[in-house]
Amino acid sequence: MIWLLVILGLIVVVALVLVALYNRLVRLRNRVDNAWAQIEVQLKRRWDLIPNLVESVKGYAAHERGTFEAVTQARTAAQNAQGPAEAAQAEGILSQALGRLFAVAEAYPELRATENFQQLQGQLSETEDKVAVSRQVYNDTVLTYHNAIQTFPGAVLAGPFGFTTREFFEVEDEAQREAPKVAF
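Letter 178 of the sequence shown, counting from 1, is numbered 177 in numbering that gives the first Met the number 0, and no numbers are missing.
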């Protein structure tokens with residue numbers, strides 16, 4: 000009878016440990032999803048600022064149509080990107096297009112002097128900082144999640160319960176690693 004109680008107690012302990020481990024993996028997976036949502040919030044803010052910026056520059060440099068179209072196309076591609084890898088690539092292209100837009104703006108001192116343009120530039124710079132922080136938080140969260148599902152005992156539960164690795168938000172092209180130069 001005592002052996003039966005000991006075995007039953009061990010089964011209960013093992014079950015509780017498995018439930019606790021499963022719940023931890025669920026919490027970590029949800030943190031990854033939340034961190035990605037935070038990146039999307041900052042990217043949406045960035046995408047919303049871009050048309051205003053383009054319109055401000057367009058009034059001064061109407062002959063730079065190719066630059067405006069490139070920024071608009073890059074913004075659309077970034078909005079339609081699916082997943083961290085595709086988003087990172089699209090955001091890199093958008094940053095390069097914005098760099099070209101700011102280069103055009105540099106040729107127009109009266110544009111750089113307008114309060115509206117300065118405010119937009121400041122908001123975009125602030126948003127870029129927030130995007131960078133959100134990306135770092137996301138990658139840190141993915142790392143924690145990966146560690147949990149790839150180490151024992153998490154590795155035992157991860158596969159059978161559908162916990163799979165997530166993509167890091169990485170910049171693959173060396174040219175995209177450099178921040179766009181915004182000089183006025």
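Positions of the beta carbon are idealized from the N, C-alpha and C atoms, including for glycine.
Keep in mind it's a predicted model, so treat the numbers as computed, not measured.
Give me the residue from the options with the minimum Cα distance to residue i.
| i | options | result |
| --- | --- | --- |
| Ala-267 | Pro-159, Tyr-59, Gln-37 | An answer regarding residue 267 cannot be provided, because it is not within the stretch 0 to 183 covered by the chain. |
| Phe-67 | Gly-91, Ile-92, Arg-99, Phe-162 | Arg-99 |
| Phe-162 | Val-25, Ala-84, Val-18 | Val-25 |
| Ile-92 | Gly-8, Gln-120, Ala-73 | Ala-73 |
| Asn-29 | Leu-9, Thr-71, Met-0, His-145 | His-145 |
| Pro-83 | Leu-3, Ile-148, Gln-135 | Gln-135 |
| Leu-17 | Phe-167, Pro-152, Glu-169, Glu-166 | Pro-152 |
| Val-53 | Lys-43, Leu-42, Gly-65 | Gly-65 |
| Leu-47 | Phe-101, Thr-113, Tyr-107, Glu-127 | This sequence places Asp at residue 47; Leu is not what is there. If we check each option's Cα against that of Asp-47, Glu-127 comes out closest. |
| Thr-143 | Ala-86, Ala-34, Ala-96, Gln-88 | Ala-34 |
Using a 10 Å radius around the Cβ and a threshold of 16 neighbouring Cβ atoms, would you call residue i buried or exposed?
| i | result |
| --- | --- |
| Phe-183 | Because the pLDDT at Phe-183 is just 40, under 50, the model does not fix this residue reliably, and the point stays unresolved. |
| Ala-157 | buried |
| Ile-49 | buried |
| Val-11 | exposed |
| Thr-164 | exposed |
| Val-141 | buried |
| Leu-15 | exposed |
| Thr-150 | exposed |
| Glu-109 | exposed |
| Leu-7 | exposed |
Since residue i is in the alpha helix (DSSP H), which residue starts that stretch and which ends it?
| i | result |
| --- | --- |
| Glu-68 | 64–79 |
The segment 16–23 contacting the segment 114–131, beta-carbon criterion three pairs below 8 Å: no
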